[in-house]
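>
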Amino acid sequence: MILESGTVGPSLIVGRKGVGVFQFEIDGAEAHAGIEPEKGANSILEAAHQMLFLQTLQRPEIGTTINPGVIQGGTKPYVVPGQCRISVDFRVETLAEQKRIESELQAAVDSVHIAGTRMRASGRFHRPPMEATESRSAMQRRFSRSDWKQASN
Numbered sequence: 233m234i235l236e237s238g239t240v241g242p243s244l245i246v247g248r249k250g251v252g253v254f255q256f257e258i259d260g261a262e263a264h265a266g267i268e269p270e271k272g273a274n275s276i277l278e279a280a281h282q283m284l285f286l287q288t289l290q291r292p293e294i295g296t297t298i299n300p301g302v303i304q305g306g307t308k309p310y311v312v313p314g315q316c317r318i319s320v321d322f323r324v325e326t327l328a329e330q331k332r333i334e335s336e337l338q339a340a341v342d343s344v345h346i347a348g349t350r351m352r353a354s355g356r357f358h359r360p361p362m363e364a365t366e367s368r369s370a371m372q373r374r375f376s377r378s379d380w381k382q383a384s385n
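For the sequence shown, the residue numbers in our numbering are 233 to 385.
What follows is the structure, encoded as structure tokens:
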């Protein structure tokens, strides 16, 4: 049993999502966008492709959500960006989903869309999912019928 204060008032948590935060660093090649753009490899465009791919991994109907919350890249509007970084939050309800996401992330790292770019990933699932089980649900029902609420007043 894990005692967790995630709600207001007396309640028993029987499940929670796992959380992973990953950083993706995309390296490209800088070039002057007006003089020789063909010498550049646009890391922000690669990041855009990768973020669109990450959204395809999302399965909200089973609790898997993905949020690319921070993106940083480029130096000037007239320079093809040589570096870009994305920080992404992943939430999953099951260990099977966590493993699926981890596998898909490796596939993303191995596959780039913009020639001359490469991507590295770091991060991990730092909080594993606590899957709701029948035994935890039974415990919740038992506590909801007991004097639990009276004892907390």
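Every residue gets a Cβ at the ideal spot worked out from N, C-alpha and C, and that includes glycine.
#1: State the beta-bridge partners of Ile303 as determined by DSSP.
#2: Thinking just about the alpha-carbon of each residue, which of Leu286, Ala364, Ser275 is nearest to the one in Pro313?
#3: Would the beta-carbon of Glu363 fall within 7 Å of that of Gly252?
#4: When you compare only the Cα positions, how much space is there between Ser384 and Ala370?
#5: Taking 6 Å as the line, does the beta carbon of Glu257 fall inside it for any heavy atom of the ligand COA?
#6: Going by the DSSP bridge assignment, what does Asp259 pair with across the sheet?
#7: Can you grab the Cα-Cα spacing for the pair Arg332 / Gly266, in whole Å?
#8: Any idea what DSSP makes of Ile267, helix, strand or coil?
Here's the rundown:
#1: Locating residue 303 in the sequence shown gives position 71, counting from the first residue. Beta-bridge pairing by DSSP links Ile303 to Ile318.
#2: On the sequence shown, residue 313 is found 81 positions in, with the first residue counted as 1. Ranking the options by Cα distance to Pro313, first place goes to Ser275.
#3: On the sequence shown, position 131 is the one that residue 363 refers to. On the sequence shown, position 20 is the one that residue 252 refers to. No, these two residues do not count as a Cβ contact at 7 Å.
#4: Looking up residue 384 in the sequence shown gives position 152. Looking up residue 370 in the sequence shown gives position 138. With a pLDDT of only 47 at Ser384, under the threshold of 50, the placement of this residue in the model should not be trusted, and no figure is reported.
#5: Here there are no bound small molecules, and the ligand COA is not part of this structure.
#6: For the purposes of this step, residue 259 is taken as residue 27 along the sequence shown, with counting starting at 1. The partner list for Asp259 (beta bridge, DSSP) reads Gln315, Arg350.
#7: As a first step, residue 332 must be located in the sequence shown, where it is residue number 100. As a first step, residue 266 must be located in the sequence shown, where it is residue number 34. So the alpha carbons of these two residues sit roughly 42 Å apart.
#8: For this step, residue 267 is matched to residue 35 along the sequence shown. Of the three classes helix, strand and coil, the one that applies to Ile267 here is coil, per DSSP.
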